[in-house]
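Residue numbers (full-length UniProt numbering): 1 to 167. Positions of the beta carbon are idealized from the N, C-alpha and C atoms, including for glycine. These figures come from a predicted structure and were not determined experimentally. Shown next, in structure tokens, is the structure this report addresses.
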Amino acid sequence: MTDTLNKMSSLMRHLTWIIALVLLTIIFNNWVKHQYNPNSNLAIGQSNEPVVLERNRQGHYVATGLIEGEPVVFLLDTGATNISVPQPVAQRIGLDPGDKVRVGTANGSISVFRTELESVQLGGIEMRDVAAHINPFMEGNTVLLGMSFLKHLELRQTNGVLELRVP
Numbered sequence: 001m002t003d004t005l006n007k008m009s010s011l012m013r014h015l016t017w018i019i020a021l022v023l024l025t026i027i028f029n030n031w032v033k034h035q036y037n038p039n040s041n042l043a044i045g046q047s048n049e050p051v052v053l054e055r056n057r058q059g060h061y062v063a064t065g066l067i068e069g070e071p072v073v074f075l076l077d078t079g080a081t082n083i084s085v086p087q088p089v090a091q092r093i094g095l096d097p098g099d100k101v102r103v104g105t106a107n108g109s110i111s112v113f114r115t116e117l118e119s120v121q122l123g124g125i126e127m128r129d130v131a132a133h134i135n136p137f138m139e140g141n142t143v144l145l146g147m148s149f150l151k152h153l154e155l156r157q158t159n160g161v162l163e164l165r166v167p
């Protein structure tokens, strides 16, 4: 009887440690995700309300938004002429690749596919028929939110916060 109780006690201690480690892993992963994308829970407000983004630890503005109603992670990039969608994200959303074109990037000239996005949304700001590229060379799942979207907005940056509003 004592041997059985000792085994049960040992099993319970091991299970407690395993559960604790799993919980710590989940908490740490959520913390890391928040460090990269502090704007993952943008509220969808009224279109006349500004969207306020917090800068991440690397100094970038990263936020969760929607393309064609599907959630994506955007990295705001004022140096990008168009929205640039990694090919795996484009396939997940169901974007149709159009004409192949050459574009200049920070890493040189590459071939991408033109596409037009029916709907792009960041917080309460939604735009229709936005020019974009499907980029087969982009790694990861982060979409570059370029000037084809941003040029229609007023941007104001103050103390690590970026405010976007429709003029």
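Reference Val-161; option with closest CA among Gly-59, Thr-2, Ser-10, Ala-20: Gly-59
Rounded distance between the beta-carbons of Gly-124 and Pro-86, thought under 8 Å: With a Cβ gap of about 25 Å, Pro-86 and Gly-124 do not count as contacting.
For Val-112, the residue or residues it bridges with in DSSP: Val-101
Top-ranked residue by Cα proximity to Ala-132, from Asn-159, Ser-84, Thr-78: Ser-84
Test item: CB-CB of Val-166 and Phe-149 under 8 Å: no
Backbone CA spacing between Thr-62 and Ser-10 [nearest angstrom]: Checking the sequence shown, residue 62 turns out to be Val, not Thr. Computed Cα separation, rounded: 46 Å.
Any non-hydrogen atom of the ligand HEM within 7 Å of Asn-82 CB: The ligand HEM is not part of the structure shown, which contains no ligands of any sort.
Any beta strand (DSSP E) of 3 or more consecutive residues that is wholly inside the segment 35-82: 51-54, 62-67, 70-76
Nearest neighbour of Leu-76, chosen from Asp-99, Met-12, Glu-54 [CA to CA]: Glu-54
Which of helix, strand or coil DSSP assigns to Ala-131: strand
Nearest to Val-51 (by Cα), restricted to the options Glu-126, Met-147, Asn-159, Thr-142: Glu-126
Simplified DSSP state of Val-161, which is helix, strand or coil: strand
Three-way DSSP call (helix, strand, coil) for Val-22 in this model: helix
Residues near Asn-37 by beta carbon distance below 8 Å, same chain, minus five either side: Asn-56, Val-62, Ala-63, Thr-64, Val-73
Closer than 8 Å to chain C by CB, Ser-40: Structure shown: chain C not included; a single protein chain is present.
Thr-4 burial status per 10 Å Cβ neighbour count (16 or more: buried): exposed
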